[in-house]
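Each number in my numbering comes from the position in the sequence shown (counting from 1) with 5 added on.
As structure tokens, the structure follows; a few thoughts come after it.
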Amino acid sequence: MDKIEINSLSLDELKEMMVELGEKSYRAEQIFTYIHRNRNTDIDELHQLPKNLRDRLKDIIRVRKIDIYKKYVSKIDNTSKYLFLLEDMNIIESVVMEYKHGFSICISTQVGCKMGCSFCASTKEGLIRNLTPAEMLNQIYLAEKDLNIKISNIVLMGSGEPLDNYENTLKFIEIINHPKGHNISLRNITLSTCGIVPRIYDLAEENLPITLSISLHSPFDEDRKKIMPIARRYSIDELIEACRYYGNKTKRRITFEYTLIENVNDRDIDILELGRILKGMKCHINLIPLNPIREFNEDRPSGKNIERVQRELKKFDISITIRREMGGDISASCGQLRRSVTQENNY
Ligand code: SAH
């Protein structure tokens, strides 16, 4: 029988496990705090537990680990990028950024991705596998230990599509938010999706005050289909309706990410249509200048044009920012680093 991955269990699941073992449920809290607040991985060293319980646990549980494989620190802005090695030798990446309000981490939710967006490096070899909750948590715990910091904001915007790994992503959110663990506020968590419409409705039913961020990238179905295969499945109308539902249900402002690609989605008609479909919605637009990758033969607009897009969209009374580039000297964006290393090593 497969051993249970103990650092992927919620506190409730740990309690159930203790009850099944004929133990008191407060043992579950001791284990949970030991792993998620104190960031320990060796249950055998948890001397608060009686020796016979530790011995019994050894037979049925395992602790999922990841290791730092490489670390890059930007000389420009102190951004740190990690490549983590998983137990099965896969590699994932995370980025830690320092802002005025504290440290923010961008974590991966899958190894690779099957969504196939044409401009994105993470998806070029398809999906390899989902990450477990513990593998998501460990990206945060290891970076915090290594940098000796406490992270206050999490964005699920690294490699992978979080809504394509729905159960594990929700379990991760439950654990990282738990007062007996890391205790990160749900309001400080952002989940970014290419727009898997049925899962957006599912997420709305969870009624969590996390920020939902939608990768829109074009207001026209036909143009969106050319760069994002998911657009063949769900129309922009369906996507926007799901976003409105999510916003009404959770009372949270939706963010739209819009990767600016020269002459593809930065034209006057794009701006007009974008303004039209988002008008009156409680939302925010995040403009991301394209990070050119080798496999996608397009460029980002000039700085002047990016500012023009922002200016024009503001006329629709939409809140809008341009994403500041961080860690430009360490290819800190969008699966580029992992890909450069896996290609170099011929993984
Ligand atoms: N799968 C999720 C989260 C990962 S991608 C999603 O699609 O939202 C995080 C953001 O980076 C998305 O908005 C994605 O479209 C954008 N992105 C990916 N590659 C990029 C690139 N080369 N340049 C600019 N933005 C990119």
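Idealized CB from N, CA, C, for every residue including glycine.
Since the structure is predicted, the reported quantities are computational estimates derived from the model, not experimental observations.
Check, Outcome
"Beta-carbon separation (whole angstroms), A209 vs T255, contact threshold 8 Å", "6 Å"
"N351, DSSP secondary structure in three states", "Legend: pLDDT at N351 = 43, less than 50; position of this residue unreliable, no value from coordinates given."
"Per-residue burial, V24 [other beta carbons within 10 Å of its own, 16 or more giving buried]", "exposed"
"F362 Cβ short of 8 Å to the ligand SAH heavy atom set", "Nothing in the structure corresponds to residue 362, since the chain is present only between 6 and 352."
"Outcome for S307 when other beta-carbon atoms lying within 10 angstroms are tallied against a minimum of 16", "exposed"
"Beta-carbon spacing of Y74, D151 below 9 Å", "no"
"Which of helix, strand or coil DSSP assigns to H41", "helix"
"Under the three-state DSSP convention, the category T114 falls into", "coil"
"N135 - partner residues in DSSP beta bridges", "Q115"
"C-beta contact flag for M94 and I112 at 9 Å", "no"
"Cross-strand partners of T84 (DSSP beta bridge)", "None; T84 has no bridge partner."
"Supposed close pair G200, S164 - CB separation, criterion 8 Å", "Not a contact, Cβ separation roughly 17 Å."
"Under 9 Å between C-beta atoms of T128 and C122", "yes"
"Backbone secondary structure at S15 - three-state DSSP", "coil"
"Straight-line Cα distance separating T264 from N212", "28 Å"
"Close beta carbons around L62, own chain, < 7 Å, minus the five adjacent residues each side", "I48"
"Same chain only: Cβ atoms within 8 Å of D334, ignoring 5 sequence neighbours per side", "S79, K80, I81"
"Cβ-heavy atom distance, C288 to the ligand SAH, below 8 Å", "no"
"Residues near P224 in its chain [Cβ-Cβ closer than 7 Å; skip 5 each side]", "I241, D275, E278, L279, I282"
"T198 versus T38: straight-line alpha-carbon distance, rounded", "31 Å"
"Whether I145 touches G107 by CB criterion (9 Å)", "no"
"From N193, L221, I235, P234, residue whose alpha carbon lies closest to that of I215", "N193"
"Beta-carbon gap between H289 and R258 smaller than 9 Å", "yes"
"Heavy atom of the ligand SAH within 8 Å of G333 beta-carbon", "no"
"Which listed residue (L295, E303, R299, E300) has its alpha carbon closest to that of I327", "L295"
"Buried versus exposed, by CB contacts within 10 Å (16 or more), P203", "exposed"
"Pairwise C-alpha distance: D7 and C125", "35 Å"
"P184 to E172 span [Cα, whole Å]", "21 Å"
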